[in-house]
Structure formats: C-alpha cells, structure tokens
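Have a look at the structure below, then the notes.
Protein chains: 2
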Amino acid sequence: MHTARLPIIRHMTNTTPTHPAATPRVLIIGCGFGGLEAAKALRGKPVAITLIDRTNHHLFQPLLYQVATAGLSAPAIAAPIRNLFRKQPNLTTLLGNVVSIDAQAKQVHLDDDTALPYDHLIVAAGATHSYFGHDEWAQHAPGLKTLHDAFDIRRRILMAFEAAEKEPDPAKRKAWLTFSIIGAGPTGVEMAGTLAEIARHTLPGEFRNIDPAGAQVLLIEGGPRVLQAMPESLSQRALEQLNRLGVEVRLNSQVTHIDADGLTVKSVVSPDKDCSSSYQINSKCVVWAAGVAASPLGAHIARATACTTDRAGRVKVQPDLSIPGYPSIQVIGDLAAATSHRPGQAPTSVPGVSPAAKQMGQHAANNLLRQIKGQTTLPFVYKDYGNLATIGRNAAVVDLAAPPLGQLRFSGYFAWLFWLFAHVYFLIGFRNRFVVLLDWASAYWSFARYARVVVGDEAGSKKLP
Amino acid sequence: MHTARLPIIRHMTNTTPTHPAATPRVLIIGCGFGGLEAAKALRGKPVAITLIDRTNHHLFQPLLYQVATAGLSAPAIAAPIRNLFRKQPNLTTLLGNVVSIDAQAKQVHLDDDTALPYDHLIVAAGATHSYFGHDEWAQHAPGLKTLHDAFDIRRRILMAFEAAEKEPDPAKRKAWLTFSIIGAGPTGVEMAGTLAEIARHTLPGEFRNIDPAGAQVLLIEGGPRVLQAMPESLSQRALEQLNRLGVEVRLNSQVTHIDADGLTVKSVVSPDKDCSSSYQINSKCVVWAAGVAASPLGAHIARATACTTDRAGRVKVQPDLSIPGYPSIQVIGDLAAATSHRPGQAPTSVPGVSPAAKQMGQHAANNLLRQIKGQTTLPFVYKDYGNLATIGRNAAVVDLAAPPLGQLRFSGYFAWLFWLFAHVYFLIGFRNRFVVLLDWASAYWSFARYARVVVGDEAGSKKLP
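Taken in sequence, the protein lines are chains A and B.
First residue of the first sequence: 13, per my numbering; consecutive thereafter.
First residue of the second sequence: 13, per my numbering; consecutive thereafter.
Shown next as structure tokens:
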C-alpha cells in the first residue's frame, strides 16, 4: 500500500497483514442497500475493502415508516454494520462522513481531515428529501429517511394527540388533530394508512377529552393519482383502500406554503382557472413524503470529474455504472441516474427502488473484479420483479412480473399478506424477522402499537412541536 | 368540581360526566413504580384521578442498564401510560411538568401556566442523580435514570470503540478503551459486568485495528465493598464474579475530579496518609452510578408546607406517609424519607428500592380511601422480601427473606436465573416479557447485542463525545 502520508491507513497496515502490498484498495461510501450488497459481493475476493457510513447501522428503509408510527422499535430494522461484516476479514468498517472526493489523487476526504486513498471507489451515498427549494419547510414538515427522522415524526404524531387532549379551544384542538401527509408515493400512502389506523383503532379509549377517531388524516398529492409508479388500476384500488381506512386523499393538489400552523394547498384540477382555488389547512402535524434529492456527494463528484447530474442531483453514469473518463469510480443506488441495457432493447432508466440498488451493488462489485482481472466491464441490466405497496391493515397492492404469465396484479388481503412476508424475508437477521413478525401479529390482533415511547423532556406545551 | 378558573379542568368536566361534582379529585405526580401502583390501587374507586408525568411512558428502571448497554430496545422496558390505564375510566393521563405546589390553595402548577386543583395529592416524583455539588461532572459522566440517559450512555460506549478504531496514538487509544463506572451499587455493578461482557464477547472480530477484549473496565467505589446494601458475604461473592468477568474493582477510592480526559481518584485505604495517594485515570467513557438525590419537587414541597427534607432532599413524611399538618398530601417512593412501623418494633427507615415504592403507592391509595370514608389513616409497614443484583452472564447474588427458613442467600448461575425470571415476571405486558426473554436467550447463545443502534449525526471524530 502507498499510504505513507495517511496515518489512519498506516495504522491499518500494521494490523491487517493479510493484504499484501498489491491488494487493490476498494472504498465503498454508504451502507444502504447498494453499498451493503457491493460489500457482500466482494467477500472472499482479493481486495482490501473500507466501508464508510455516517451511522453505525444498516437501515431497512422500507419499514422505517413503522418506526415513525410506533409499530416497531429502531433495533428491529437496523443492524450494526460491524456485526454484519464481522466474518468478512477483507473489510474494514469506518464510521465517517465523506466531504469530498479527489478523483485525480484517488482519495476521499472525511470531515475529520483524514484522507483515504483508493484504487476503486463505489459511491452509494443515497438520497435525502428535497423541499423543491423551500428548505424552510423542513422544520414544520419532516421527511422520513433516517432513524432520527422516524423518532422526530413519532414524537410529533404522539405529541399532537397529547396537545389536543390539553387544548380547550375547539379550533386549535382540530388543528392538532389534523394530520397532513404530503406526497402519495409508497411512503406517503403507508404513513397515511397507518396514521388512520392509529387514530381509529389504537388510541380510542385512552383519552378523556378528545376522540382520537375524529382525527383527520389528509394525503395530499400533486399528481392525478396515488402510487404513480403502479399501473393505473392498482392506483385506483389503493385509493379505494385508503378511503376505506378513513384517509382523505386530495389529488391534483400542490402545496405552496408550510408553516407552524399548517399548509396552503393549490388545487390544480383546472389549469385554466386562476389562483382562487388556493386554500389553507390548519394542521399541526405535517409529514413530507414528496420530493427526493440525491446526496450532496453527487454534486461533489460532478465537480471532481466534470460529469453531469440530472434534475434530482443524481450522477449520470455510463452503462457500466462508472463515471465517464473515471473507470475506477462507480456510482450506484439512489445517487445514480443509471440506465438498464437489456440486449436488443432500447436503454431504460432504472427506478430509485431498493431492488435496483441491490442489483447495482452486485453489478458494480462484479465489474470491479473484472477490471482487476483486466477484463472489460459489462453494462448494467435491471431485472424488474415488480412493485408492491402496503396501505394499512389488510390493504396492499401488488404488481408482479411473472414472465410466463405476464404481469400478476392483485390487491387487498392477499396482497397485504404477500407484502408482509416479502418484507420479513428481506429483513436482515433471524432475530429481527422473528421480532417483526411477533410485533405485527400482536399489533394485528390487539391493535396496540408497542413502540409508543417518546424520549427527552417533551412535557409542557411550550416544548410541543 | 370547583373549577371555574381552570380552563383545562373546565374542559375536562365537559367530557367526563361520569364523576358527579362531589367526587374527590386525586392528583398523582409521577408514574414510576410508586405512582403507577397508587393509580392502579384506586381503580374502580369513587375518585377522579389525574396522573401527571413528564414523559409518556412508565419505565421499568431495573432493566434500564440493558438499554444503555445495547441489550434491549427502549420499547421493551417502557409502556405508554395512556395505554396502561385505557380501561380505568376514573383516571385521566396528563403529560406535564409540575413546577410548584400550592398547599394552601390545594393546587399544583404546571410549566405551561395551568393550575390543577386537588382534594388529595400523591407526590411520587422520584429521584435523579447527584454529583455531590459537582454538577460540572454531569457532561463527562452521565448518570442512568431516564431513557434519554440510556441512549446517551449507549452512544458513548459504542462511539468510544469507534474512536479507538480510528486512533493511531496508542496512549489516546487506551484512553478510549478505558471505561470507568463510578459507584458499585446495583446499577454500577450491572453496568460494569455487562460492559466487560461486551468488550470480551460481543465485539471481538468486528474491529480491524483494535482488540476490544483489551478494553479496561474499572468499577470505582468509595466504600470498602461492592453492593453495600447486601450482606458482606454476598458482596464478596459479587466481587469475585466481577473479577472473573474481567472488571477491575477499585474499592475505597473516591473520585475527586472528572473532565473530558478522565478522572482523578483518591485512595482512602489509609485515612492518616496524605494526598499523595491521588492518581489520574485516562478514560474517555465515564458513567456515574454513585449519588442519588430526590426530585427538586421535594424542596418545593418543603417550602410550601414547612416540612423538612433529609440530606438527599427527600421529604420526611409522617408514619402514614402524609406531610405534617397536610393530611391531604402524601409523598411516596424515592422522594420520601419514610419509616416502617411494624407493630411492637422500633421504626426503621425504608430503602429506596422499587418494591418499597410499590408498597408505598398501595398504602397511600389505601389511606386516601380511608380519609374519604372518614377513617383514620394507618402507619406504613415495609415488607422486605429481599434483595437481588445481577453482575453479568451467569453471575448474580440473591438475598431472600424466606420467613420460616430465615434468610436465603445464594450466588452464581442459579442466582442469575432467579434474577432473570424475577425481572421478567415484574415487567409490564406479555409482549415485553416475551421479547425480553427472547432477546436474552439470543444474547446468551450468540453473545450478540442487537440494540446497537446509535441515532443522529454521530460520524466524524469531531462530534465524538
């Protein structure tokens, strides 16, 4: 290793004598679905991997909304990264925050001023929420990407009911009991359905001054239908199931303002009308599930390599997931604007979903090994197995690719069971699978949600959100 | 109810018509073991109870050290108060922070300026840590009383190993790998034993630059033995078990200074020696398990009623747990300096343990009902069933009162099993019991600790503790 100037790496060479000097150094940034899969695919290969993440855990993001809605505890969906890789001796875990990439010197810089050299770099830094230029909305309408976000939203939801219980003014009480979810993608739909279930089934009987079942759950969507990645028939099924659960869905409704008291919505049903269709919703608990933007690392990479990014800040990668002119840098997952190249077909863009991130992780690892062997890299081909989304109790929609049969589409109870077992299957660790199943079973039969714990000094209405 | 000036109570009368105007209003401050038990004992009785707590959950504090050491998730030992009392219609839960008590007007004031009138008041506000006048130590050596504390300590422990992994300087690395627990009461002993287990059994294999098993776990105690509430023979057993687990116990050692780099300890073995026996321990992770002080509400009550408090700030109560001259106010649990009055025996002081708090809660509820019926109150009698403490894997000490046999004392594996089932038995809720057993079983066989999740933006050594 050529590491003379780098204390952290020099230190590592002292204790990892298993990698001879010629072992290629692989740096993976981010341990989401993409980074995790790339690291696992390199197990037992002749590379020295450093896996950097800002947190100490891999997060199973598809179930994060359940932590936010008090159905699961954080450890049930978060696995310590070190523990996941304890039996992979060619991998070093590093808790760190990457602030820049020097593509010429082949180094990555952390915020504690250490520099990490690499021979191959896989960037899987993911995405964060985007407020479409209105960052001031973030304080009033948190998004859901990290465990920290989930705890924040859990606190806001539970504290809104507490504040309503204390509030004598009926108008103010109603504002505390109006929950607005912005964006009807999978996360927004799941949040809205679960919130309605909490209000109607979990909390009644526990309050003395309010009726939680009277809470209003609004799902506000700018487009003409919910779950736009789904076929139209399933969007319609999802809408019906949302209505049945008590969610009030407002389609073609754009949010133009958010503050501590609520939001302003512009109805876009008739584009030729004037602005008189704007109206105000008094709502003290607002959740942002609308926009997604790539990690700021995308812009860093673009500056460092003169590559381009798309509107969402995602790095436009080559067919083999590398950056034009920099074959040693691959970008995968939600940070990549990637295309799928099925032989004989026109390239298609790859969606920002976890199966795509996992497939890109495997592909990047494979291409990296091909480069080491002196072979040419292969273009990425995305295998789309389908799409599923849950809405709430007994309610989900499934759109599966079943090649001999074509598309398999179903909704309702069996779709919900399918969603449930698919998610448990993909959870990491036997214990977590077991505990999640147990929690779901107990929640299903009792309607209780056990993780209703709010931590900190939240008492006193002054400190309420 | 005479509530004209109190919006919150007026509001409550609107929606709780089940209590006629003459129903006595009972206010219970705090939902720890004492407050919870008092509230439960008043179920179905002709009183209108308001139960105030600063958090939304009852915490099973005996297992809090397991949350701090990543063995359990927070919801496993915290039950939402509202949910516990959903089937007790004579009880209203209020999330609030009591700042003062007006014993003349029979009102309690919250920090949001609401006033709550009462006919009977039970104060069960508990205790917090005391740094013996050195509050500046708190930032370097957190105590363990709330879930917030537990998360803070969990973060410090896990981040110390992360910082050590990154640190090239051997002396600094050793300071990160030196863990100091101050105070060898039950919490200190449990923390030290579990930390040693984590370092020796959970983490090895996960790091590449450090050997976690080389971490030093120090248990520093001012007195001459560990677990001073236990008989001397069991203290000796506990000490042996701690040593076997790899904990370095320093008895007769007083902490005289704590800062970000470590602590100064004064050996008090020979009281006639000069101060030259002081020495410095470089330790980046320090946990405070030494001093306990009553909630500041104790001082408020003393001011409001001219009663006295003891050295720890606990309110000196009458034999019936009421305050001299104020029969409508009872103080219970860790906030009370109470005495036990077994007929024919001299009064003994009641220890600050959870069974005592529970018994006081039941007793206060009973005396309150007697007052309502015009009967005289009864003096409190503490039934001591014994004492148990765990040390770590297969290690515990038990001192049981088994009246026909006298005292039953045992230690080691069977004491540990006894401790384990006793704690599971007293946990609230079937689900929690089951999940805790499951977590313990999986931790026992695999040595893994699943709740190793640290939340927030912890990456980057600048932000390390």
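Think of the CB as a built atom: it goes at the ideal place given N, C-alpha and C, for glycine as much as any other residue.
Going by the DSSP bridge assignment, what does serine 7/B pair with across the sheet? This structure does not reach residue 7/B, given that chain B is present from 13 up to 477, and the question cannot be answered.
So, valine 299/A versus alanine 187/A, is the Cβ gap smaller than 8 Å? no
Which runs of the alpha helix (DSSP H), 4 residues or longer, sit entirely within the region 177–258 of chain B? 182–188, 198–209, 244–257
Take every Cβ of the region 136–150 of chain A, pair it with every Cβ of the region 117–126 of chain A, and state whether three or more of those distances are shorter than 8 Å. The answer is no - the region 117–126 of chain A does not touch the region 136–150 of chain A, with fewer than three Cβ pairs under 8 Å.
How would you label serine 295/B, buried or exposed, when you count the other beta carbons within 10 angstroms and need 16 or more for buried? buried
Looking at the unbroken beta strand (DSSP E) that takes in serine 85/A, where does it start and where does it end? Element bounds for serine 85/A: n/a, residue is neither H nor E.
When DSSP labels each residue in this structure, what does arginine 22/A get in the three-state scheme? Confidence is the limiting factor: at arginine 22/A the pLDDT is only 36, short of 50, which leaves the residue's position unreliable and the question unanswerable from this model.
Applying a beta-carbon distance threshold of less than 8 Å, which residues of chain B neighbour histidine 69/A? Arg464, Val465, Val466
So for glycine 155/A, helix, strand or coil by DSSP? Strand at glycine 155/A.
Is the Cβ of proline 92/B closer than 8 Å to any Cβ of chain A? yes
For the region 392–406 of chain A against the region 190–205 of chain A, are there 3 or more C-beta pairs whose distance is under 8 Å? yes
Which of the three DSSP states, helix, strand or coil, is assigned to tyrosine 456/B? helix
Lysine 52/B lies in the alpha helix (DSSP H); which residues open and close that run? Its alpha helix (DSSP H) spans residues 45–53.
Going by beta-carbon coordinates alone, are leucine 128/B and leucine 39/B separated by less than 8 Å? yes
Three-way DSSP call (helix, strand, coil) for serine 295/B in this model: coil
Opposite glutamine 419/A in the DSSP bridges: which residues? Ala413/A
Pick from Phe446/A, Asp161/A, Thr105/A that is closest to leucine 450/B, judged by C-alpha positions: Phe446/A
Taking the alpha carbon of leucine 263/B as the point to measure from, which residue in Val277/B, Lys278/B, Arg237/B, His269/B has its own alpha carbon closest? Arg237/B
Let me check understanding here. Comparing Cα to Cα, which of Ala176/A, Cys319/A, Tyr394/A lies closest to aspartate 223/A? Out of Ala176/A, Cys319/A, Tyr394/A, Ala176/A has the C-alpha closest to the C-alpha of aspartate 223/A.
DSSP three-state call for asparagine 2/B: helix, strand or coil? It is not possible to answer for residue 2/B, since the shown part of chain B is limited to 13 through 477.
With a cut-off of 8 Å on the beta carbons, I'd call threonine 81/A and isoleucine 210/A a contact; round off their distance for me. 6 Å
Can you check whether the CB of leucine 239/B is closer than 8 Å to the CB of glycine 197/B? yes
Counting only beta-carbon atoms, is arginine 168/B nearer than 8 Å to chain A? no
Taking only the alpha-carbon atoms, compute the straight-line gap between proline 92/A and alanine 137/A and give it to the nearest angstrom. 17 Å
Span of the alpha helix (DSSP H), counted from its first residue to its last, around tyrosine 425/A: 425–438
Kindly give me the distance between the Cβ atoms of serine 352/B and tyrosine 394/B, rounded to whole angstroms, as I take these residues to be in contact under 8 Å. Sure, about 4 Å apart at Cβ, within 8 Å.
Listed in chain order, which residues of the region 331–359 of chain A have Cβ atoms closer than 9 Å to some Cβ of chain B? none
Starting from leucine 380/A and walking both ways along the alpha helix (DSSP H), at which residues does that stretch end? If you look at leucine 380/A, you'll find it in the alpha helix (DSSP H) that goes 366–384.
Using only the alpha-carbon positions, how far apart do glycine 195/B and leucine 420/B sit? 26 Å
Got a sec? Which residues, its chain only, sit under 6 Å from alanine 369/A by beta carbon, not counting five neighbours each side? Phe45, Gly46, Gly345
Does any CB atom of chain B fall closer than 8 Å to the CB of arginine 107/A? In the sequence as displayed, the identity of residue 107/A is leucine instead of arginine. Chain B contact via Cβ: present.
At the level of alpha carbons, what is the spacing between glutamine 358/A and alanine 305/A? In the sequence on display, residue 358/A carries alanine and not glutamine. Approximately 26 Å between the Cα atoms of the pair.
Listed by chain order, chain B residues near arginine 98/A by CB distance under 8 Å: Gly217, Glu218
Opposite arginine 37/B in the DSSP bridges: which residues? Ala60/B
Inspect the CB distances between the region 52–65 of chain B and the region 91–110 of chain B and report whether three or more fall short of 8 Å. yes
Excluding five sequence neighbours on each side, which residues of the same chain lie with their C-beta closer than 6 Å to the C-beta of phenylalanine 433/B? For phenylalanine 433/B, where only same-chain residues beyond five positions count, there are no Cβ hits under 6 Å.
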